[in-house]
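First the structure, in the form of structure tokens, and then the observations on it.
Number of protein chains: 2
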Amino acid sequence: MTRQPGRREGRRAQGAGTRQMPFANVVNRYPPISLLSTDEIEAIHRSSLDLLSMTGMEVMHEESRRLLKAAGADVDEANQRVRFDPAMIEEVIGTVPAAFTLQARNPAKNLRVGDGNLIFAATGGPAFVSDLDRGRRAGNFQDMCDYIKVVHSLNVIHQEGGCPCEPTDLDPDSRHLDFYQAAIRFTDKNWQCWALGGYRVEDALEMLSITLGQSREELRANPATLTVVNSNSPLRLDIPMGEGLLAMARAGQPVAITPFTLSGAMSPVTIAGALTQQNAEALALIALSQIAAPGAPVLYGGFTSNVDMRTGSPAFGTPEYAKAQLASGQLARKYGVPFRSSNVTASNAVDVQAAYESGMSLWSTIMGGVHLIEHAAGWLEGGLTASFEKLILDAEMLQMMRSFLDPLAVDTESRAVEAIGEVGPGGHFFGTPHTLARFENAFYEPMLSDWRNFETWSESGARTGTERANAIWKDLLRTYEQPPLDPAVDEALEAYVARRKEEIGRGHLNAA
Amino acid sequence: MTRQPGRREGRRAQGAGTRQMPFANVVNRYPPISLLSTDEIEAIHRSSLDLLSMTGMEVMHEESRRLLKAAGADVDEANQRVRFDPAMIEEVIGTVPAAFTLQARNPAKNLRVGDGNLIFAATGGPAFVSDLDRGRRAGNFQDMCDYIKVVHSLNVIHQEGGCPCEPTDLDPDSRHLDFYQAAIRFTDKNWQCWALGGYRVEDALEMLSITLGQSREELRANPATLTVVNSNSPLRLDIPMGEGLLAMARAGQPVAITPFTLSGAMSPVTIAGALTQQNAEALALIALSQIAAPGAPVLYGGFTSNVDMRTGSPAFGTPEYAKAQLASGQLARKYGVPFRSSNVTASNAVDVQAAYESGMSLWSTIMGGVHLIEHAAGWLEGGLTASFEKLILDAEMLQMMRSFLDPLAVDTESRAVEAIGEVGPGGHFFGTPHTLARFENAFYEPMLSDWRNFETWSESGARTGTERANAIWKDLLRTYEQPPLDPAVDEALEAYVARRKEEIGRGHLNAA
Numbered sequence: 002m003t004r005q006p007g008r009r010e011g012r013r014a015q016g017a018g019t020r021q022m023p024f025a026n027v028v029n030r031y032p033p034i035s036l037l038s039t040d041e042i043e044a045i046h047r048s049s050l051d052l053l054s055m056t057g058m059e060v061m062h063e064e065s066r067r068l069l070k071a072a073g074a075d076v077d078e079a080n081q082r083v084r085f086d087p088a089m090i091e092e093v094i095g096t097v098p099a100a101f102t103l104q105a106r107n108p109a110k111n112l113r114v115g116d117g118n119l120i121f122a123a124t125g126g127p128a129f130v131s132d133l134d135r136g137r138r139a140g141n142f143q144d145m146c147d148y149i150k151v152v153h154s155l156n157v158i159h160q161e162g163g164c165p166c167e168p169t170d171l172d173p174d175s176r177h178l179d180f181y182q183a184a185i186r187f188t189d190k191n192w193q194c195w196a197l198g199g200y201r202v203e204d205a206l207e208m209l210s211i212t213l214g215q216s217r218e219e220l221r222a223n224p225a226t227l228t229v230v231n232s233n234s235p236l237r238l239d240i241p242m243g244e245g246l247l248a249m250a251r252a253g254q255p256v257a258i259t260p261f262t263l264s265g266a267m268s269p270v271t272i273a274g275a276l277t278q279q280n281a282e283a284l285a286l287i288a289l290s291q292i293a294a295p296g297a298p299v300l301y302g303g304f305t306s307n308v309d310m311r312t313g314s315p316a317f318g319t320p321e322y323a324k325a326q327l328a329s330g331q332l333a334r335k336y337g338v339p340f341r342s343s344n345v346t347a348s349n350a351v352d353v354q355a356a357y358e359s360g361m362s363l364w365s366t367i368m369g370g371v372h373l374i375e376h377a378a379g380w381l382e383g384g385l386t387a388s389f390e391k392l393i394l395d396a397e398m399l400q401m402m403r404s405f406l407d408p409l410a411v412d413t414e415s416r417a418v419e420a421i422g423e424v425g426p427g428g429h430f431f432g433t434p435h436t437l438a439r440f441e442n443a444f445y446e447p448m449l450s451d452w453r454n455f456e457t458w459s460e461s462g463a464r465t466g467t468e469r470a471n472a473i474w475k476d477l478l479r480t481y482e483q484p485p486l487d488p489a490v491d492e493a494l495e496a497y498v499a500r501r502k503e504e505i506g507r508g509h510l511n512a513a
Numbered sequence: 002m003t004r005q006p007g008r009r010e011g012r013r014a015q016g017a018g019t020r021q022m023p024f025a026n027v028v029n030r031y032p033p034i035s036l037l038s039t040d041e042i043e044a045i046h047r048s049s050l051d052l053l054s055m056t057g058m059e060v061m062h063e064e065s066r067r068l069l070k071a072a073g074a075d076v077d078e079a080n081q082r083v084r085f086d087p088a089m090i091e092e093v094i095g096t097v098p099a100a101f102t103l104q105a106r107n108p109a110k111n112l113r114v115g116d117g118n119l120i121f122a123a124t125g126g127p128a129f130v131s132d133l134d135r136g137r138r139a140g141n142f143q144d145m146c147d148y149i150k151v152v153h154s155l156n157v158i159h160q161e162g163g164c165p166c167e168p169t170d171l172d173p174d175s176r177h178l179d180f181y182q183a184a185i186r187f188t189d190k191n192w193q194c195w196a197l198g199g200y201r202v203e204d205a206l207e208m209l210s211i212t213l214g215q216s217r218e219e220l221r222a223n224p225a226t227l228t229v230v231n232s233n234s235p236l237r238l239d240i241p242m243g244e245g246l247l248a249m250a251r252a253g254q255p256v257a258i259t260p261f262t263l264s265g266a267m268s269p270v271t272i273a274g275a276l277t278q279q280n281a282e283a284l285a286l287i288a289l290s291q292i293a294a295p296g297a298p299v300l301y302g303g304f305t306s307n308v309d310m311r312t313g314s315p316a317f318g319t320p321e322y323a324k325a326q327l328a329s330g331q332l333a334r335k336y337g338v339p340f341r342s343s344n345v346t347a348s349n350a351v352d353v354q355a356a357y358e359s360g361m362s363l364w365s366t367i368m369g370g371v372h373l374i375e376h377a378a379g380w381l382e383g384g385l386t387a388s389f390e391k392l393i394l395d396a397e398m399l400q401m402m403r404s405f406l407d408p409l410a411v412d413t414e415s416r417a418v419e420a421i422g423e424v425g426p427g428g429h430f431f432g433t434p435h436t437l438a439r440f441e442n443a444f445y446e447p448m449l450s451d452w453r454n455f456e457t458w459s460e461s462g463a464r465t466g467t468e469r470a471n472a473i474w475k476d477l478l479r480t481y482e483q484p485p486l487d488p489a490v491d492e493a494l495e496a497y498v499a500r501r502k503e504e505i506g507r508g509h510l511n512a513a
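In the order they appear, the protein sequences are chains Z and L. Position in the first sequence counted from 1, then plus 1, gives you our numbering. Position in the second sequence counted from 1, then plus 1, gives you our numbering.
Quick look at the structure:
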């Protein structure tokens, strides 16, 4: 392939026909919007502590109960109920770091979590995958790999989000190994691991140790993966999640602790009630993480949304969701814990609904002071499906938000009083020296938006944004280039995966 | 038609199958987001005054030049150039009212402009009209009437926006009469009039006088229509717009003074430069309005966007647009003038691009403290087309923003500590007393969003949001009921229109 040299070449390193922004750290310069008064936030805080002391949580994981009891919690082994002293909670969460750095295989893509930075993670966890050509299908290894390649190619995405779609064609007990290997091979960005059971965390860390050439001690001091731990709302922590949380915390790897408090179903029908419950569950698990490993990095996850009360269906990107994210950001800031939220939609298609629900999510989470946006790109159908076209749609919206967050120059030359005077009444600014000196990088250049006039757009096929998104991900996949990986590392990973698959096949989930 | 009585009947008064919110005043409780520092806003202010004193504006309208000269401006009749003393500008704009009330035919739909209220106006001015069934076509009287009927039926829309599409099948000199008559007949909401030439303003006021049974003096004290006056950027006021501005101001009717400063074309390629020019033009015309009629209600219009520098096409709903709206809101607040902005997109289809560009517009204008959103519903193709489906898409997004702005209850009962304790770990909240007492109005109920699961949605036709919007506007149009109008008033309007058409046909644009 011959290349056209030019100033914009850097923007096209991936995707021959796709313009995009370069990979970059994003800083949110806006002071967060507050939904609630300080008194209201304090009331939710106090209520959640009341809930933890009076009702408590059911902690199914034995070791977690033991740790909590040793830290002073009241534990009833008969029903696995743990009740928390508010003072203990408030004390132990004080060790959470306000910010930390996540290593990537490519150090230029290391991520700073907290400190006003904004991280966009690709979607993780869907059972299905879809695109316009082939429709919706069960998650599978080939699609998973292709999706990771497109995630790698989209510069605006900072982090792989913990497996775009479940590779259901692989062994459930060992498919995390296949995912980890693909994430390491196909992208040099940071990737999220699985916390469903401690052995999946261990495998991630062993493979990161091989990849980065760092000891487990070094990894503990310099985290290189992240995971999400959900409480089983209401008020329950199950065994695999308990195991995963402790394994991550002890290994120094960050956990986004995220109650899944769907108002009207697993939580009260009032958003303030759902937030109270979210806060109680988050505080309990954050406390557990700090008891297990003081100073372990965690995030405060807000996922409160609501159900449709006529059908029971979950709804996302709703006004209630937007409000809950603003309030969640306020709570996270109260505790000095980095805030994790999400870009969500309940739409079944990559249509206007998907766009406006995601728009509601992005604006409210970013204005709410979020640090990590999970599912920032690709999520469809309330998280059941990873869509290739939604990935592109979201990437465009993320680029727009990123450009919106860039500062505006207001210096004398930018105010342009002289240049306006030179053009004068009734003139135009095309081709003036002031314009020529600046036009090339003056404005945001879209990846997906089509600004041509109706006639030109019609003559070239009248393609909708979703149809254009289809062409873009295929272009990115076709021109994808695998980031270089030391062959010795690749071989060592291959050997590790082979050994572990053999062990798991013999029923030994934990590494020998 | 027999009616099902029930608690939600009110929501379905228009559109048998369409759920929607009731008509209501909307208050924006959020303190506006600031893009720029106080110093930066001051710098733009000073630069725009420099521009007005050094370069000035070309004022083609003779009477406006005369008024400005009498107020102390420096006027060069040879080139119609008017230069303004900054002190004069700062002094005369002090009489602009910070808020005012706009009468509607139905007093329950009167509108308060300013004071933290948020008004959503339907799109006005497009040359074309479109829908999914019939595609894009020239604006015409039948579509104009149908569109006004749907605008009337959508409760979230506060105001008709000044003719949804140009009725190109009618005489250009008198079609404003047909539009005014249709606006009065088909909706009881406030409607915007045309300011292209003073006689079109006069006709609006005479017809409002008949409709409301109020004298012109009464209308002056209690405005009942509003219009947009654009400067011809850069730095020019033409004759029809000058005439319209003076006619409106003297009649006590509000004008949204809106420079059309497209960065890179009619304005500098820098957004700060475009804002400087916008501010200069807005200040000059606001000053003129107050010189002609001190205390006349006006709005500060922000419309700064940018062009695509590769093609020259205008772009809307961009990151630059969003920033410009935040800064424009800051400037308007500095002057104590209500702020007008818009909901815009450059998309040619009612697709994801239309949704995300409108989402960028709505969030930034609302967070920027806007008071009047022009084109809040229906605008497509950079304003060339009024789309029936876009009208529904926007109405849904407006409803969501309105619901987002509603306060969140955080009282003890809402925080629900007891209710959560009663459900306990692992339970669910369906059917609990706390839920049953509140579920009916707990959450935002969408008009357009489909929250059903993928299987149910697929089985019922897998319709996209745009296809559902098509069904909704047709449902609203089919079930439309004309708001009652006194037959004597209707007759008097009919007679007025007939007389004026006859006069205009004889070449007498101004009423006898």
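Beta carbons: idealized from backbone N, C-alpha and C, even for Gly. Owing to the predicted nature of the structure, the values given are computational and were not obtained by experimental measurement.
At a Cβ threshold of 9 Å, is residue i touching chain Z?
{"i": "aspartate 352/L", "result": "yes"}
{"i": "tyrosine 445/L", "result": "yes"}
{"i": "alanine 402/L", "result": "It should be noted that the sequence gives methionine, not alanine, for residue 402/L. By this cut-off, methionine 402/L is an interface position."}
{"i": "phenylalanine 304/L", "result": "no"}
{"i": "methionine 2/L", "result": "For methionine 2/L, the predicted model reports a pLDDT of 32, less than 50, meaning its position is unreliable and no value from the coordinates is stated."}
{"i": "glutamate 74/L", "result": "At residue 74/L the sequence reads alanine, which differs from the glutamate that was named. Answer no: the Cβ-Cβ gap between alanine 74/L and chain Z never drops below 9 Å."}
{"i": "phenylalanine 85/L", "result": "no"}
{"i": "threonine 319/L", "result": "yes"}
Closer than 8 Å by beta-carbon distance: list the chain L residues that pair up with residue i, in chain order.
{"i": "phenylalanine 440/Z", "result": "Gly265, Val270 and Met310"}
{"i": "tryptophan 452/Z", "result": "Asp309, Thr312, Ser314, Pro315, Ala316 and Ala347"}
{"i": "asparagine 233/Z", "result": "Gly427"}
{"i": "tyrosine 481/Z", "result": "Per Cβ cutoff of 8 Å: no residues; tyrosine 481/Z is ~24 Å from chain L at best."}
Establish whether the CB of residue i and some CB of chain L are separated by less than 9 Å.
{"i": "cysteine 164/Z", "result": "no"}
{"i": "glutamate 99/Z", "result": "Here the sequence assigns alanine to residue 99/Z, which means glutamate is not the residue at that position. Not an interface residue."}
{"i": "glycine 466/Z", "result": "yes"}
{"i": "arginine 137/Z", "result": "yes"}
What distance in whole Å lies between the Cβ atoms of residue j and residue i, which are believed to be in contact at a cut-off of 8 Å?
{"i": "glutamate 59/L", "j": "arginine 82/L", "result": "6 Å"}
{"i": "valine 229/L", "j": "threonine 259/L", "result": "6 Å"}
{"i": "alanine 183/L", "j": "methionine 145/L", "result": "6 Å"}
{"i": "arginine 255/L", "j": "valine 299/L", "result": "The identity of residue 255/L in the sequence shown is proline, whereas the question assumes arginine. At roughly 6 Å, the Cβ-Cβ gap stays under 8 Å, so proline 255/L and valine 299/L are in contact."}
Interface residues of chain Z around residue i at Cβ under 7 Å?
{"i": "methionine 398/L", "result": "Tyr357"}
Under 7 Å between beta-carbons, which chain L residues line up against residue i? List them in chain order, please.
{"i": "glutamate 382/Z", "result": "Phe455"}
Run down chain Z in chain order and give the residues with a C-beta less than 9 Å from the C-beta of residue i.
{"i": "tryptophan 474/L", "result": "In chain order: nothing, as chain Z lies at least about 14 Å away."}
{"i": "glycine 360/L", "result": "Ala356, Tyr357, Ser359, Gly360, Met361, Leu363, Trp364 and Met398"}
Run down chain Z in chain order and give the residues with a C-beta less than 8 Å from the C-beta of residue i.
{"i": "threonine 436/L", "result": "Gly265, Pro269 and Val270"}
Report the neighbours of residue i on chain L: residues whose CB is nearer than 9 Å to its CB, in chain order.
{"i": "glutamate 91/Z", "result": "Within chain L, no residue comes near glutamate 91/Z; the closest Cβ sits about 17 Å away, beyond 9 Å."}
I'd like to know if residue i contacts chain A, where contact means its C-beta is closer than 9 Å to some C-beta of that chain.
{"i": "isoleucine 421/L", "result": "The chain inventory of the structure shown lacks chain A, comprising the protein chains Z and L."}
Interface positions of the segment 254 to 279 of chain L facing chain Z (Cβ-Cβ less than 7 Å), listed along the chain: So the close ones are Gly265, Ala266, Met267, Ser268, Pro269, Val270, Thr271, Ile272, Ala273, Gly274, Thr277 and Gln278.
Members of the segment 164 to 192 of chain L near chain Z, C-beta cut-off 7 Å: Using a CB distance below 7 Å, no part of the segment 164 to 192 of chain L faces chain Z.
The segment 101 to 112 of chain Z touching the segment 312 to 331 of chain Z, judged by at least three CB pairs closer than 8 Å: Touching, no, given that fewer than three Cβ pairs across the two stretches are closer than 8 Å.
Interface residues of the segment 30 to 61 of chain L facing chain Z [CB-CB below 7 Å]: Those residues of the segment 30 to 61 of chain L that come within reach of chain Z (Cβ to Cβ, closer than 7 Å) are Tyr31, Ile34, Leu36, Leu37, Glu41, Ala44, Ile45, Ser48, Asp51, Leu52, Met55, Thr56, Met58 and Glu59.
Meets three-Cβ-pair contact criterion under 8 Å: the segment 500 to 510 of chain L and the segment 386 to 406 of chain Z: No, because fewer than three Cβ pairs between the segment 500 to 510 of chain L and the segment 386 to 406 of chain Z fall closer than 8 Å, the two stretches do not touch.
Cβ-based contacts, 8 Å cut-off: residues of the segment 233 to 247 of chain Z near chain L: If the cut-off is 8 Å between Cβ atoms, the segment 233 to 247 of chain Z has Asn233, Pro235, Leu236 and Arg237 near chain L.
Three or more C-beta pairs below 8 Å linking the segment 192 to 209 of chain Z and the segment 240 to 258 of chain Z: At 8 Å Cβ cutoff, the stretches touch.
The segment 405 to 412 of chain L in contact with the segment 20 to 30 of chain L per 3-pair CB rule at 8 Å: Flag = yes, the segment 405 to 412 of chain L and the segment 20 to 30 of chain L touch.
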